[in-house]
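Under this note's numbering, the first residue of the sequence shown is numbered 482, with each subsequent residue one higher.
Inspection log for the structure reproduced underneath, given as structure tokens.
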Amino acid sequence: MPAYSRPVFIGIRGAFAPLAVALALCSLSSPAAAVSKKDQAAVDVLTQRLQSAETRYQSALVKIRNADPTGRQDSDAALEDMEDVIAACLKQKGCQVNTMLAGYKRLLKASADASAVSDEDADDGGQLDSDGLAADVPEAARAAALLSDDGQRFVKMVQYNPAVQAGIKRWLTDLRGPLMQSYDNYQYMRPMMWPSFEREGLPEALLFGIMAKESNGRVHATSRAGAAGPLQFMFATGKRFGLGDDGTGFDTRYDARSSSQAAAEYLNERLGQLNNSIEMSLAAYNGGEGRALRINNASGGRNFWDESVYNQFPAETRDYVPMVIAAAWLFLHPREYGLRFPKVDNKPAPLRLSKASSIYELTICMGSSGSRDGYMRALRNLNPRYQADSYLSAGTTLNATTKMVGLYNRWCLQGKRAELAHTLIMSDPNSAIVRTGPVTVVPMEGTGEDGTVPVTIATGKPAAVKPEPKKRAVPRDYKVQRGETLTDVARKFSCDTKQLGKANGIKAPRYVVKPGQRIKLNGCGD
């Protein structure tokens, strides 16, 4: 009996079992005699069907490990197709079951590899998915893919030296929290950012390293020097690459998709000028392209780590370059350093508001299910045009994920949590102050017999209670104070933000106002 027909199939669970038995029986059949062209064509079709089913099953495994509800459905359909192919093979003249068995053995190996990873993660104290597969298997597969192609190219383009090792040490110790936050934030924005680098032929690890160092993946980050956005573009540089005011008052430096495209173009321009050196291009990104080009030309194109080049850059840049490379290195080799990046459900999905709400309110009612820190940062990163406290009208569509949409439908439309979230958002701290009228005190002169300092004593008489003031009339207009938003003005005078914006010609969705601007308060009232 051939080795593959022994009781190796006895331990196979679930949907694999029927297929395993069929294959075991098929393996006992003898090779077919010469077949006609028609029969051979039919066999070729069956082989193609099995290969297609195998590919679909592998894709379904990835979906299952990413908690995609369609994964289980896809895997079942693929297995059923395999069974149909085997059944047809039994009846088809000239069909060689060994060909079918090879595909099945590959699936067995994939299943065994997944189980091995699960066991290893369990030993590390990690949580396993309900189906026994490791939660971070997709990330391991992604890292392997990166290292075999995109990541391997990055590794060959940079130097792994003591400066980079020192950067890795910092990311794994003092900066471990920011590194994990950077990864979490990046995963939500990855569908928006990575395609730009992929189109420009740049490694994804480089994108992550820059973003981790520049902003920790916070799209609204700004610096004292005026850099802004997840990749920290200066205004003039951003303008050269298509970033800036889009006509609605929104600065596209804060937009993940636009800024990543600009960064990819900028880096390719630098690489073309600086001998395809990632280190020198990063030095230009941080310390100025003019300086980097002058140093490069004066040195005859020497490497960034050459002492005559390295010492001409400011301390900030000498720190920046190895830190970016170190973050990129950890992005590619997490398991090597005992690093387990968080699993993020980042499948994009539109979230259409069924009732008026704000990002703050959504954050509260969604809770933190499936997310370590809740969803405010993710919602803000995915929707940089909206202020967190701005009330968005019903019908507004936000960028979100399938997980967020599910949580919104479950918790934010009705019920106690939805009501609690709304109550917290609408709470006014001023209403907590209770005024009972002035307290009359009797001053005492001199010191007491025991030498203590005298204190004021209340008379004990009930304080006179002032009558409640009459409701003040809403003025015709209002001068915006420093730090106020249109939403603040709307709340102060009991207005609807959308109507107030429309009455004053202030464009949605940002409703940008400036200090000193006069706002007409049409339709407002206590």
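We put the CB at the ideal spot given by N, CA and C, even for glycine.
None of these values were measured; they are calculated from a predicted model.
- Beyond the five residues adjoining it in sequence on each side, F974 comes within less than 6 Å, by CB distance, of V955, L1002 and C1005 in the same chain, given in chain order.
- Within the model, the alpha-carbon separation for S780 versus N749 is close to 21 Å.
- Under the three-state reduction of DSSP, L894 is assigned to coil, being neither helix nor strand.
- The three-state secondary structure of R738, taken from DSSP, is helix.
- With respect to the 8 Å criterion, A808 and L981 are not classified as neighbours on the basis of their beta carbons.
- P676 sits in a helix when the DSSP states are folded into three classes.
- In this structure, Y992 sits near S871, with a CB-CB distance shorter than 8 Å.
- Buried is the label assigned to E760, since at least 16 other Cβ atoms lie within 10 Å of its Cβ.
- For secondary structure counted as the beta strand (DSSP E) over 3 or more consecutive residues, the stretch 766–838 holds these complete runs in sequence order: 829–833.
- Runs of the beta strand (DSSP E) spanning 3 or more residues and lying entirely within the stretch 513–542 do not occur at all.
- Per DSSP, D958 is one residue of the beta strand (DSSP E) stretching across D958 to K960.
- Pairwise C-beta distances place the stretch 879–887 in contact with the stretch 816–836, as three or more of them are shorter than 8 Å.
- In the structure shown, K694 falls within a helical segment according to DSSP collapsed to helix, strand and coil.
- For A859, the enclosing alpha helix (DSSP H) begins and ends at M857 to L863.
- CA-CA distance, I649 to T844, rounds to 33 Å.
- By the 16-neighbour rule on beta-carbons within 10 angstroms, N697 is buried.
- Under the 10 Å beta carbon count, E900 is surrounded by fewer than 16 other beta carbons and is classified as exposed.
- By the 16-neighbour rule on beta-carbons within 10 angstroms, R963 is exposed.
- Considering only A764, H814 and A708, the residue with the shortest C-alpha distance to A796 is A764.
- For D732, the pairing in a beta bridge is given by DSSP as D726.
- Boundaries of the beta strand (DSSP E) harbouring L879: T878 to T882, taken from the DSSP string.
- Spatial neighbours of S739 in its own chain (CB-CB distance under 8 Å, excluding positions within 5 residues in sequence) are listed in chain order as G723, L724 and T733.
- The three-state reading of DSSP puts I545 in helix, counting H, G and I together.
- Contact between the stretch 682–694 and the stretch 651–669 is present, with at least three C-beta pairs closer than 8 Å.
- Residue K960 holds the alpha-carbon nearest to the alpha-carbon of P996 among K960, M847 and Y801.
- Assignment of I1000 by DSSP, reduced to helix, strand and coil, places it in the strand class.
- Here the stretch 831–847 does not lie against the stretch 639–657, with fewer than 3 beta-carbon pairs under 8 Å apart.
- Counting along the chain, the unbroken alpha helix (DSSP H) around L653 starts and ends at P643 to L653.
- Below 8 Å, too few C-beta pairs join the stretch 854–872 and the stretch 804–822 to call them touching: fewer than three.
- Under a 10 Å Cβ-count criterion, P803 is classified as buried, with 16 or more other Cβ atoms of the shown protein chains found around its own Cβ.
- DSSP places I845 in the uninterrupted alpha helix (DSSP H) bounded by I840 to M847.
- With the rule of 3 Cβ pairs closer than 8 Å, the stretch 702–712 does not count as touching the stretch 772–792.
- Contact between K544 and T551 is confirmed by a C-beta separation of about 6 Å, below the 8 Å threshold.
- N767 places its beta carbon less than 8 Å from that of Y801.
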